[in-house]
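Asker: Take any residue in the sequence shown, note its place counting from 1, add 34, and you have its number in the working numbering.
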Amino acid sequence: MAPPKLNEYERKRLENIRRNNEMMAALKVHSKATALSNHSKIVAKSYTVKLEKKPKIETPIVIRRSLRTRGIPPDSKGLDLDANSDSNTSTHNSPNKVEKFVQTLGPISMKDAYKGTDDSDRSFIESLVSMSNKGLLEEELEGPAKKKKTECSFELESLSLDPENIARVVPGRITQVRFFPSKDVNMIAAGNKFGDIGFWNVGESEIFLYHPHAAPISGILFQQHCLSKIYTSCYDGFIRLMDAEKEIFDMVYNSSDNACIYALSQPKNDANCLYLSEGKGGLAVLDNRIGKCSSHWDLHGARINTIDFNPQSSHIVATSSSDGTACTWDLRCIGGRKHTALRTFAHKRSVQSAYFSPSGSSLATTSMDDTVRIYSGVNLEDETSVYHFNQTGRWLSTFRAIWGWDNSYLFVGNMNRGVDIVSTVQKATVKTLESPHISAIPCRFDAHSFEVGMLAGATSGGQIYVWTSS
35 MAPPKLNEYE RKRLENIRRN NEMMAALKVH SKATALSNHS KIVAKSYTVK
85 LEKKPKIETP IVIRRSLRTR GIPPDSKGLD LDANSDSNTS THNSPNKVEK
135 FVQTLGPISM KDAYKGTDDS DRSFIESLVS MSNKGLLEEE LEGPAKKKKT
185 ECSFELESLS LDPENIARVV PGRITQVRFF PSKDVNMIAA GNKFGDIGFW
235 NVGESEIFLY HPHAAPISGI LFQQHCLSKI YTSCYDGFIR LMDAEKEIFD
285 MVYNSSDNAC IYALSQPKND ANCLYLSEGK GGLAVLDNRI GKCSSHWDLH
335 GARINTIDFN PQSSHIVATS SSDGTACTWD LRCIGGRKHT ALRTFAHKRS
385 VQSAYFSPSG SSLATTSMDD TVRIYSGVNL EDETSVYHFN QTGRWLSTFR
435 AIWGWDNSYL FVGNMNRGVD IVSTVQKATV KTLESPHISA IPCRFDAHSF
485 EVGMLAGATS GGQIYVWTSS
């Protein structure tokens with residue numbers, strides 16, 4: 035069979051292919067391409083690296099589970115305030131020091147407890163001893179002192195904060211601050227969460243610091259008729275009496291069941307008895323004449339945060355509690371298994387404080403439900419509620435509104451580093467004390483008993499600001 039005839043295009047195509055093959059043969063292109071291909075395969079094979087798998091390290095996975103899911107009951111003491119210690123104060127109380135004070139049930143000398151920067155506290159002790167006979171009760175005030183205390187009207191605009199009236203008195207968070215109840219001195223005692231007690235004479239540079247306790251200070255009381263003797267209570271269940279004449283911190287009470295002491299108070303007409311908040315809602319009476327508690331009543335379902343006596347009727351006491359209530363009680367009628375309050379003031383959340391006014395006719399409460407409430411009337415039946423943001427968080431001491439020098443105003447800190455002033459007449463916050471000198475939030479306050487317009491505000495950084503009336 036004859037091959038098919040090629041057209042002109044196909045003949046030209048075959049001719050081009052033949053010519054290209056001749057040119058490539060002359061240049062030896064095919065042989066070089068084959069050699070390069072074989073060389074690449076050899077190189078790739080010679081440099082092949084076999085990777086070995088690293089052994090997998092088995093690390094245990096820690097699963098955080100709550101006490102409730104593990105079936106363990108919660109700690110009755112609640113949150114440990116010492117867990118929030120700042121880095122700059124963590125070395126202030128080493129574990130060895132804490133252990134030493136926990137085991138010391140007897141007296142501690144002021145020399146051993148002294149932690150101040152000055153070489154000696156001798157000048158401070160001598161000044162306290164000189165005040166030993168200058169403790170004043172209301173009925174002992176005569177002449178100008180009595181007039182100054184009863185006539186306590188002043189202008190809010192006159193309150194000012196001077197730089198010389200600012201000092202860091204203790205390290206860490208201040209839980210208690212008190213003016214000495216004396217018309218002759220403007221001295222402050224402050225307690226912190228580490229168990230320290232610091233003393234500062236306003237306007238002076240010396241700070242006298244002591245460490246008589248191993249846990250947060252919950253109360254500071256000056257012994258009536260003798261300012262050189264000061265009671266201090268603590269979450270560790272101890273009450274000590276600082277006696278400047280004997281130069282010791284004496285042990286006057288130790289909770290037998292290791293219960294925390296959350297508050298300490300004393301009626302003005304009874305120098306022998308101390309009232310303390312102990313454990314879960316308990317109120318105990320410590321009789322110093324017998325050296326033990328003479329009475330104990332379970333009044334609340336949770337811890338009692340404050341104890342305050344009516345200045346006109348010392349048998350009437352107000353308590354605030356974390357169970358969401360504040361109550362007034364007649365101590366003459368408490369007894370038996372069931373205790374009935376005169377009045378119960380219910381709040382939506384924990385009540386941090388309940389304080390009688392200077393006249394005893396009103397009661398002010400501060401609650402975590404963001405209110406400051408004022409109860410007045412014959413039976414405290416009239417209620418005024420003022421909104422106030424009280425969510426301080428875990429790093430600050432809780433806000434507690436205090437009375438000034440009459441029934442007109444309440445003073446309470448705010449989260450903007452100011453002091454809100456609540457008017458009982460206008461039933462609202464009428465002014466906020468502010469200053470460029472304030473670098474931290476004042477949380478706890480005290481008004482000087484004999485210096486109208488002198489107000490101390492304490493912070494969680496250990497500072498104390500003192501406003502004065504110009």
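Beta carbons are placed, not taken as given, at the ideal position from N, Cα and C, and that holds for glycine.
These numbers come from a predicted model, not from an experiment.
Compare the Cα-Cα distances from residue 357 to each of 190, 316 and 497 and report the closest residue.
Answerer: Here the question's residue 357 lines up with position 323 in the sequence shown. Out of 190, 316 and 497, 316 has the C-alpha closest to the C-alpha of residue 357.
Asker: When you compare each of 390, 48, 200 and 309 to residue 321 by their alpha carbons, which one comes out closest?
Answerer: Translated into positions along the sequence shown, residue 321 becomes position 287. Closest option to residue 321, Cα to Cα, is 309.
Asker: Using CA atoms only, rank isn't needed, just tell me which of 342, 373, 382 and 49 is closest to residue 394.
Answerer: Position 360 of the sequence shown, counting from 1, holds the residue named residue 394. Residue 342 is the option with its Cα nearest to residue 394.
Asker: Would you mind reading off the limits of the alpha helix (DSSP H) that contains residue 162?
Answerer: Position 128 of the sequence shown holds residue 162. Where residue 162 is concerned, the enclosing alpha helix (DSSP H) stretches over 156 to 164.
Asker: What does the alpha-carbon distance come out to for the pair residue 286 and residue 224?
Answerer: Start at 1 with the first residue of the sequence shown, and residue 286 comes out as number 252. Start at 1 with the first residue of the sequence shown, and residue 224 comes out as number 190. Straight-line Cα distance between these residues: approximately 20 Å.
Asker: Expressed to the nearest angstrom, what Euclidean distance is found between the alpha-carbon atoms of residue 261 and residue 448?
Answerer: Mapped onto the sequence shown, residue 261 falls at position 227. Mapped onto the sequence shown, residue 448 falls at position 414. The straight-line gap from Cα to Cα measures roughly 32 Å.
Asker: Between the Cα of residue 428 and the Cα atoms of 411, 165 and 402, which residue gives the shortest distance?
Answerer: The residue you call residue 428 lines up with position 394 of the sequence shown. Of the listed residues, the one whose Cα sits closest to residue 428 is 402.
Asker: Quick check: the Cα distance between residue 44 and residue 68, rounded to an integer number of angstroms?
Answerer: If you number the sequence shown from 1, residue 44 lands on position 10. If you number the sequence shown from 1, residue 68 lands on position 34. Cα atoms of residue 44 and residue 68: separation of roughly 30 Å, rounded to the nearest angstrom.
Asker: In this structure, how does DSSP classify residue 51 when only helix, strand and coil are distinguished?
Answerer: As a working note, residue 51 is residue 17 in the sequence shown. Residue 51: helix per DSSP, three-state reduction.
Asker: Have a look at 147, 59 and 218 and flag the residue whose alpha-carbon is nearest the alpha-carbon of residue 243.
Answerer: As a working mapping, residue 243 is identified with position 209 in the sequence shown. Checking every option, the nearest Cα to that of residue 243 belongs to 147.
Asker: Determine the extent of the alpha helix (DSSP H) in which residue 146 is found, giving its start and end residues.
Answerer: One-based indexing of the sequence shown puts residue 146 at position 112. Start and end: 144 to 147.
Asker: Within 10 Å of its beta-carbon, does residue 423 have 16 or more other beta-carbons around it, so buried, or fewer, so exposed?
Answerer: Residue numbering aside, residue 423 sits at position 389 when the sequence shown is read from its first letter. With fewer than 16 other Cβ atoms within 10 Å, it is exposed.
Asker: When burial is assigned at 16 or more other CB atoms within 10 Å of the CB, is residue 294 buried or exposed?
Answerer: By 1-based counting over the sequence shown, the position of residue 294 is 260. Under this definition residue 294 is a buried residue.
Asker: Could you tell me how far apart the beta carbons of residue 400 and residue 435 are, in whole angstroms, since I believe they sit closer than 8 Å?
Answerer: Position 366 of the sequence shown, counted from the first residue, corresponds to residue 400. Position 401 of the sequence shown, counted from the first residue, corresponds to residue 435. Going by Cβ atoms, the distance from residue 400 to residue 435 rounds to 5 Å, so yes, they are a contact pair.
Asker: Give the straight-line distance between the Cα atoms of residue 419 and residue 313, rounded to the nearest whole angstrom.
Answerer: Within the sequence shown, numbered from 1, the residue matching residue 419 stands at position 385. Within the sequence shown, numbered from 1, the residue matching residue 313 stands at position 279. If I take the Cα positions, the gap works out to 30 Å.
Asker: What did DSSP end up calling residue 399 once you bin it into helix, strand or coil?
Answerer: Working through the sequence shown from its first residue, we reach residue 399 at position 365. Three-state result, residue 399: strand.
Asker: Tell me the DSSP secondary structure of residue 198 in three-state form.
Answerer: Here the question's residue 198 lines up with position 164 in the sequence shown. In this structure, residue 198 counts as strand in the three-state DSSP scheme.
Asker: How many Å lie between residue 77 and residue 57 at the Cα?
Answerer: Against the sequence shown, residue 77 aligns to sequence position 43. Against the sequence shown, residue 57 aligns to sequence position 23. Because residue 77 carries a pLDDT of 48, less than 50, the predicted location of this residue cannot be relied on, and the following value inherits that uncertainty. Residue 77 and residue 57: Cα-Cα distance of roughly 31 Å.
Asker: Determine contact between the region 201 to 212 and the region 228 to 248, defined as no fewer than three beta-carbon pairs at a distance below 8 Å.
Answerer: yes
Asker: Tell me whether residue 268 is buried or exposed, calling it buried when 16 or more other Cβ atoms sit within 10 Å of its Cβ.
Answerer: The sequence position of residue 268 within the sequence shown is 234, counting from 1. Buried.
Asker: Between residue 490 and residue 222, is the Cβ-Cβ spacing less than 7 Å?
Answerer: Position 456 of the sequence shown, counting from 1, holds the residue named residue 490. Position 188 of the sequence shown, counting from 1, holds the residue named residue 222. Yes, these two residues count as a Cβ contact at 7 Å.
Asker: Less than 7 Å between C-beta atoms, sequence neighbours within five positions excluded: which residues of the same chain meet that for residue 336?
Answerer: Indexing the sequence shown from 1 puts residue 336 at position 302. If we look at residue 336 and ignore the five residues flanking it on each side, its Cβ neighbours are 314, 315, 355, 356 and 357.
Asker: Indicate whether residue 379 and residue 360 have their beta-carbon atoms separated by less than 7 Å.
Answerer: Here residue 379 corresponds to residue number 345 of the sequence shown, with the count starting at 1. Here residue 360 corresponds to residue number 326 of the sequence shown, with the count starting at 1. Yes, the pair counts as a contact, with Cβ atoms nearer than the cut-off.
Asker: Among 307, 190, 396 and 452, whose alpha-carbon lies nearest the alpha-carbon of residue 324?
Answerer: Reading the sequence shown from its first residue, position 290 is the one you call residue 324. Residue 324 has its Cα closest to that of 307, out of 307, 190, 396 and 452.
Asker: Pull up the distance between the alpha-carbon of residue 257 and that of residue 280, whole angstroms please.
Answerer: Working through the sequence shown from its first residue, we reach residue 257 at position 223. Working through the sequence shown from its first residue, we reach residue 280 at position 246. Taking the straight line joining both Cα atoms gives about 15 Å.
Asker: Just the Cα atoms here: how many angstroms apart are residue 142 and residue 154?
Answerer: By 1-based counting over the sequence shown, the position of residue 142 is 108. By 1-based counting over the sequence shown, the position of residue 154 is 120. Whole-angstrom Cα-Cα distance: 17 Å.
Asker: On the three-state DSSP scale, how would you describe residue 39?
Answerer: Residue mapping note: residue 39 aligns to position 5 of the sequence shown, counting from 1. In this structure, residue 39 counts as coil in the three-state DSSP scheme.
Asker: Using a 10 Å radius around the Cβ and a threshold of 16 neighbouring Cβ atoms, would you call residue 478 buried or exposed?
Answerer: The residue given as residue 478 occupies position 444 in the sequence shown. The residue in question, residue 478, is buried, as its Cβ has 16 or more Cβ neighbours within 10 Å.
Asker: Given this structure, state the Cα-to-Cα distance separating residue 411 from residue 417, to the nearest angstrom.
Answerer: Taking the first residue of the sequence shown as 1, we reach residue 411 at position 377. Taking the first residue of the sequence shown as 1, we reach residue 417 at position 383. Cα to Cα, residue 411 sits roughly 9 Å from residue 417.
Asker: Sort out for me which residues DSSP pairs residue 329 with in a bridge.
Answerer: In the sequence shown, counting from the first residue as 1, residue 329 sits at position 295. For residue 329, which the question treats as bridged, DSSP gives the partners 319.
Asker: Quick one: measure Cβ to Cβ for residue 500 and residue 476, integer angstroms, because I've assumed they're closer than 8 Å.
Answerer: Position 466 of the sequence shown holds residue 500. Position 442 of the sequence shown holds residue 476. Rounded, the Cβ-Cβ distance is 11 Å, inconsistent with contact.
Asker: Thinking just about the alpha-carbon of each residue, which of 486, 405, 498 and 265 is nearest to the one in residue 189?
Answerer: Within the sequence shown, numbered from 1, the residue matching residue 189 stands at position 155. Taking only the C-alpha atoms, the option nearest residue 189 is 486.
Asker: For the ligand FMN, any of its heavy atoms closer than 6 Å to the Cβ of residue 454?
Answerer: Questions concerning the ligand FMN fall outside what the structure shown contains, since it holds no ligand whatsoever.
Asker: Round the Cβ separation of residue 200 and residue 471 to the nearest angstrom and send it over; I've been treating them as touching at under 8 Å.
Answerer: One-based indexing of the sequence shown puts residue 200 at position 166. One-based indexing of the sequence shown puts residue 471 at position 437. Confirmed, about 6 Å.
Asker: Does DSSP put residue 56 in a helix, in a strand, or in coil?
Answerer: Here residue 56 refers to the residue found at position 22 when the sequence shown is read from its first residue. Helix.
Asker: Buried or exposed: where does residue 464 fall if 16 or more other Cβ atoms within 10 Å of its Cβ makes it buried?
Answerer: Start at 1 with the first residue of the sequence shown, and residue 464 comes out as number 430. Label assigned to residue 464: exposed.
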